[in-house]
Each structure stands twice: as structure tokens, then as C-alpha cells.
Amino acid sequence: MPARYAEGYFLSSRAIEAAGGRDVQLTSSDAHAWVEVYMDGMGWIPVDVTPGFYYDTYALLQMAQVPGDIQRTAALEDSGEEVDAPDSLHAGKRPDSEVIDQLKTAVNILWGILLVVLLFKGIGIVLLEFRHLITERRLLGILELRQDGSAALQDPSGLRAGTLHPCE
66 MPARYAEGYF LSSRAIEAAG GRDVQLTSSD AHAWVEVYMD GMGWIPVDVT
116 PGFYYDTYAL LQMAQVPGDI QRTAALEDSG EEVDAPDSLH AGKRPDSEVI
166 DQLKTAVNIL WGILLVVLLF KGIGIVLLEF RHLITERRLL GILELRQDGS
216 AALQDPSGLR AGTLHPCE
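Quick note: the sequence shown uses this note's numbering, first residue 66, plus one each step.
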């Protein structure tokens, strides 16, 4: 969607009426900047986030959504009253509570997946430590057998040093 930046002066219809057809003096307080967007069939439309400038926002939205109303003008007098959005603007939108519930469900699922992954990782670490402990004990047992075997080879009587009986 093409858009452009614009600057100029803004005079409300009240200020023009108060001048009574005479020249109106512009001051820096009348300076204003806004964005304009190009809409097919309507041309450059000022878009201003400042409430009450140029157009009624809801009238513009309705014009953009209903192609038959392209020739209709969206310029309205600012009555100072707040206007609720028409129901047609909310069509197809989910209520905020439904969106929040879906987000909560998605977050809960992600937490569940994270907990399962951490649980399996913890079980894996315990199994690896257990395997390491078994391997270590086997190696210690092999070393003890070798030491006992080498001591028996060095002592022809089969007695270990400091023992009186071979069964001890």
C-alpha cells in the first residue's frame, strides 16, 4: 500500500466559521504533519492518529470495506461524542478471551514438552552415571585380580607376605 508523509496547516471548521469569510492568520500552532495512504478508487487519504482530525475513522473503514460506497464522502463533523465501532468491523474477529485461552493452552503445551525433555535428560544422565560406576567397579576388580595374581607369582609358596596360612 503506497503511503507518504505530508505537512501543512490544519484549520478546524470552527476556526473558519469564526473568521466569517475574512482571511485567517495561520500560526505555528496550526502546523500539522500526517501520513497519507493511496486507496484505489479514492486516491490519497489522510491518516492521522490524532482523534478528530480530517475524517471519522470508522466511516473511512466502512467506506474501504464496502465497494458500493466509494463515491460517498467520509468527512464528518466532529461531534465530540465517542462512536462505537460497527458490528461489521468485528465480524470474523475472535474475542480477546478466546485468543488468550488459546495462548495459555499453547504455553502449557510448551511447558509440558520442556518438562518431558528435561525428565528424559535426567534419566539419561542417571543411566550414564550408573553405567560409569559399573564399568569402574569392573576395572577395579580386574586390577585387584591382576595384583593378586602377580603377588602369587612372586611368592612361590602361594602365601602372601605376613600370612601364616594359604587360606587366609
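For every residue, glycine included, the Cβ atom is placed at its ideal position computed from N, Cα and C.
Just so we're clear, the structure is a prediction, and the values are computed from it rather than from any experiment.
For this session: Mind checking which residues open and close the beta strand (DSSP E) that includes Arg87?
Result: Where Arg87 is concerned, there is no enclosing beta strand (DSSP E), given that its DSSP letter is neither H nor E.
Problem set entry | Gly106 - DSSP class collapsed to helix/strand/coil | coil
Exercise. Below 8 Å between beta carbons: does that hold for Leu76 and Asp95?
Worked result: yes
Exercise. Who does His97 pair with in a DSSP beta bridge?
Worked result: Gly73
Problem set entry | Close-in-space but distant-in-sequence residues of the same chain around Tyr103 (CB under 6 Å, 5 per side omitted) | Pro67, Trp109
Exercise. With distances taken from CA atoms, which of Ala84, Met107, Glu72 is nearest Glu93?
Worked result: Looking at the sequence itself, residue 93 is Ser, so the reference to Glu does not match. It is Glu72 whose Cα lies nearest to the Cα of Ser93.
For this session: Please state if the CB of Val112 and the CB of Tyr70 are separated by a distance shorter than 8 Å.
Result: no
Problem set entry | Ser78 versus Asp161: straight-line alpha-carbon distance, rounded | 38 Å
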